[in-house]
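Quick mapping for you: the protein sequence lines, in order, are chains A and B. Position one of the first sequence corresponds to residue 2 (our numbering), numbered consecutively onward. Position one of the second sequence corresponds to residue 2 (our numbering), numbered consecutively onward. Take a look at the structure below.
2 protein chains.
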Amino acid sequence: MSTTRKPVSTGERTATNRERLVAAAAERFHTRGFEATPVEDILAATGVSRSNFYYHFADKRELARAVVERWIETYDRDIVTPSLAAEGVPVGRRLADLFQRAAQFQEPAAGRTGCPLARLVLELAHQDPAVRRRIAGYFDSLQSRIAALLGRRDNRLGPDAGRVAELAVCVLEGALLLSHVHQDPGHVRRAGKLLATLVA
Amino acid sequence: MSTTRKPVSTGERTATNRERLVAAAAERFHTRGFEATPVEDILAATGVSRSNFYYHFADKRELARAVVERWIETYDRDIVTPSLAAEGVPVGRRLADLFQRAAQFQEPAAGRTGCPLARLVLELAHQDPAVRRRIAGYFDSLQSRIAALLGRRDNRLGPDAGRVAELAVCVLEGALLLSHVHQDPGHVRRAGKLLATLVA
DNA sequence: GTCTATAGATTGATAGAC
DNA sequence: GTCTATCAATCTATAGAC
Numbered sequence: 002m003s004t005t006r007k008p009v010s011t012g013e014r015t016a017t018n019r020e021r022l023v024a025a026a027a028e029r030f031h032t033r034g035f036e037a038t039p040v041e042d043i044l045a046a047t048g049v050s051r052s053n054f055y056y057h058f059a060d061k062r063e064l065a066r067a068v069v070e071r072w073i074e075t076y077d078r079d080i081v082t083p084s085l086a087a088e089g090v091p092v093g094r095r096l097a098d099l100f101q102r103a104a105q106f107q108e109p110a111a112g113r114t115g116c117p118l119a120r121l122v123l124e125l126a127h128q129d130p131a132v133r134r135r136i137a138g139y140f141d142s143l144q145s146r147i148a149a150l151l152g153r154r155d156n157r158l159g160p161d162a163g164r165v166a167e168l169a170v171c172v173l174e175g176a177l178l179l180s181h182v183h184q185d186p187g188h189v190r191r192a193g194k195l196l197a198t199l200v201a
Numbered sequence: 002m003s004t005t006r007k008p009v010s011t012g013e014r015t016a017t018n019r020e021r022l023v024a025a026a027a028e029r030f031h032t033r034g035f036e037a038t039p040v041e042d043i044l045a046a047t048g049v050s051r052s053n054f055y056y057h058f059a060d061k062r063e064l065a066r067a068v069v070e071r072w073i074e075t076y077d078r079d080i081v082t083p084s085l086a087a088e089g090v091p092v093g094r095r096l097a098d099l100f101q102r103a104a105q106f107q108e109p110a111a112g113r114t115g116c117p118l119a120r121l122v123l124e125l126a127h128q129d130p131a132v133r134r135r136i137a138g139y140f141d142s143l144q145s146r147i148a149a150l151l152g153r154r155d156n157r158l159g160p161d162a163g164r165v166a167e168l169a170v171c172v173l174e175g176a177l178l179l180s181h182v183h184q185d186p187g188h189v190r191r192a193g194k195l196l197a198t199l200v201a
């Protein structure tokens, strides 16, 4: 139809209504949850009208899918990549740094509830299997990156790098959850340091 | 008021309506989530009337608190205690056994979504801080029990038993989450074996 | 792309009798 | 302790105009 026109670029521009909606939803779905956050809240926070919301998204679940993509991008750009891709830094320190950054994100004052992807997958996997697979894929890629790092040096632990990387992802996700339960980001830092000691 | 009478014993009896409601809710809150499960579903599953439900529970959140208690009892009785309290078994094997039992619980065919306490705390912590503290307390006790086990022998790892126990709980919770995300209970088994290797 | 107004459905909780 | 009937609120989504 000729009524819908695409913007010239989806790249760098001032935030569109759609982007504002996704940003507001990302924060609320993380702190309060998907089901517990009415569309109304996101509308009020952004000043976008209800009907405009449904112009951009077919339904609330489509918004959730966009939120998942946003969290993957954010988490990867701000936490994972800066620590793992640090050239010239020993593997153990890179790992500890990853946990340090994750801990910073986890401040309770900001209402953080562990890993945002973990929270979303729990609420969305049942009604939208594609979301589960998407998040599984991201965790896989994270594991692979860590494995590649560990594989570069002599492994004095015996088990192969893949297994250790698998364990590292477990520790990260578990520590993020426990830091929420105990309201203490130090949990993530301590887990990261100990893990780095064990594998490096 | 003289209209409410307490049962003679709350211990061993055939399941009361209240117990049936909690059992049905525990399963559904775990597989579908708290917010996504209407009271109606629990009523239909148990055959209990709506009004009888509100005779037993002030509201849905009170039901959730009862569900949390039930999961703590179940998990502790069926998974944690049998493995950790096994006399004459080496510490490493007790830990691996704990993960083995947790993995069995995690069969995807049953719709398992990781640790039931983790799922509940995410949805309930924001509106009911007491639930978060209760679950934090249970994780603390689990950590203490593991620490006591580890403390019994020479620790060749350097860090004290408390830290290692803290890490073990992280690994357990993280592995349970990832087993849901990847739909593979083997995740929990592998994490348990590797952890046992590292600390024992 | 955006707005106002409203439909349509679900759901948590209560009233009052037995 | 349990039942039927119903209220009142909340929430997702759509209709139709500009």
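Heads up, the beta-carbon is just placed ideally off N, CA and C, and yes, glycines get one too. Bear in mind that the values here come from a model prediction, so they are computed numbers and not experimental data.
CB of residue i within 9 Å of CB of residue j, strictly
i	j	result
Pro117/B	Pro186/B	no
Gln144/B	Gly115/B	no
Ala1/A	Ala192/A	The requested residue 1/A is not part of the displayed model; chain A covers only 2 to 201.
Val182/B	Val122/A	yes
Ala67/B	Phe35/B	no
Val81/A	Arg146/A	yes
Leu179/A	Phe140/B	yes
Ala199/A	Leu199/B	First, the residue type needs correcting, since residue 199/A is Leu and not Ala in the sequence shown. Cβ atoms of Leu199/A and Leu199/B: closer than 9 Å.
Length of the line joining the Cα atoms of residue i and residue j
i	j	result
Glu74/A	Phe30/A	16 Å
Asp60/A	Glu28/B	28 Å
Arg102/A	Asp77/A	11 Å
Thr11/B	Glu88/B	Because Thr11/B sits at a pLDDT of 42, beneath the cut-off of 50, its placement in the model cannot be relied upon, and the following sentence gives the value as read from the coordinates. If I take the Cα positions, the gap works out to 32 Å.
His127/A	Thr32/B	8 Å
Phe106/A	Arg95/A	17 Å
Leu125/A	Ala148/B	35 Å
Ala26/B	Ala37/B	12 Å
Arg190/A	Ala104/A	6 Å
Leu151/B	Glu63/A	48 Å
Ala197/A	Gly93/A	5 Å
Asp161/B	Leu195/B	19 Å
Ala131/A	Pro83/A	28 Å
Gln184/B	Ala201/A	30 Å
Lys7/A	Ala97/A	Caution is warranted here: a pLDDT of 40 is assigned to Lys7/A, below 50, making its placement in the model unreliable, and the coordinate value is therefore given only provisionally. Going by the C-alpha atoms only, they are around 44 Å apart.
Leu85/A	Ala24/B	45 Å
Trp72/B	Arg71/A	33 Å
Ala111/A	Arg120/A	16 Å
Val69/A	Leu22/B	34 Å
Ser3/B	Arg113/B	Reliability fails at Ser3/B, whose pLDDT of 34 lies under 50, so the model's placement of it is uncertain and no value is given.
His188/A	Asp79/A	20 Å
Thr5/B	Ile43/A	Caution is warranted here: a pLDDT of 37 is assigned to Thr5/B, below 50, making its placement in the model unreliable, and the coordinate value is therefore given only provisionally. One C-alpha to the other measures close to 44 Å.
Ser142/B	Asp129/B	21 Å
For this session: Examine the Cβ distances between the region 17-32 of chain A and the region 43-59 of chain A and report whether three or more of them are shorter than 8 Å.
Result: As far as the Cβ criterion goes, the region 17-32 of chain A touches the region 43-59 of chain A, which means the pair count is three or higher.
Exercise. Do the region 160-180 of chain B and the region 166-175 of chain A touch if we need at least three Cβ pairs shorter than 8 Å?
Worked result: The region 160-180 of chain B, when compared against the region 166-175 of chain A, does touch it at the 8 Å Cβ threshold.
Exercise. If we count Cβ pairs, one from each stretch, closer than 8 Å, do we get three or more for the region 136-154 of chain A versus the region 50-61 of chain A?
Worked result: No, the region 136-154 of chain A is not in contact with the region 50-61 of chain A.
For this session: Could you pull out every unbroken beta strand (DSSP E) segment of at least 3 residues lying fully inside the region 154-190 of chain B, listed in chain order?
Result: Note on the region 154-190 of chain B: there is no whole beta strand (DSSP E) run with a minimum of 3 residues.
Exercise. Which runs of the alpha helix (DSSP H) fall wholly inside the region 14-52 of chain B and span at least 4 residues, in chain order?
Worked result: You should have 18-32 and 40-47.
Exercise. Where in the region 52-121 of chain A do unbroken runs of the alpha helix (DSSP H), each at least 4 residues long, occur, reported from the N-terminal end onward?
Worked result: The region 52-121 of chain A contains these whole alpha helix (DSSP H) runs: 61-76, 82-85 and 92-106.
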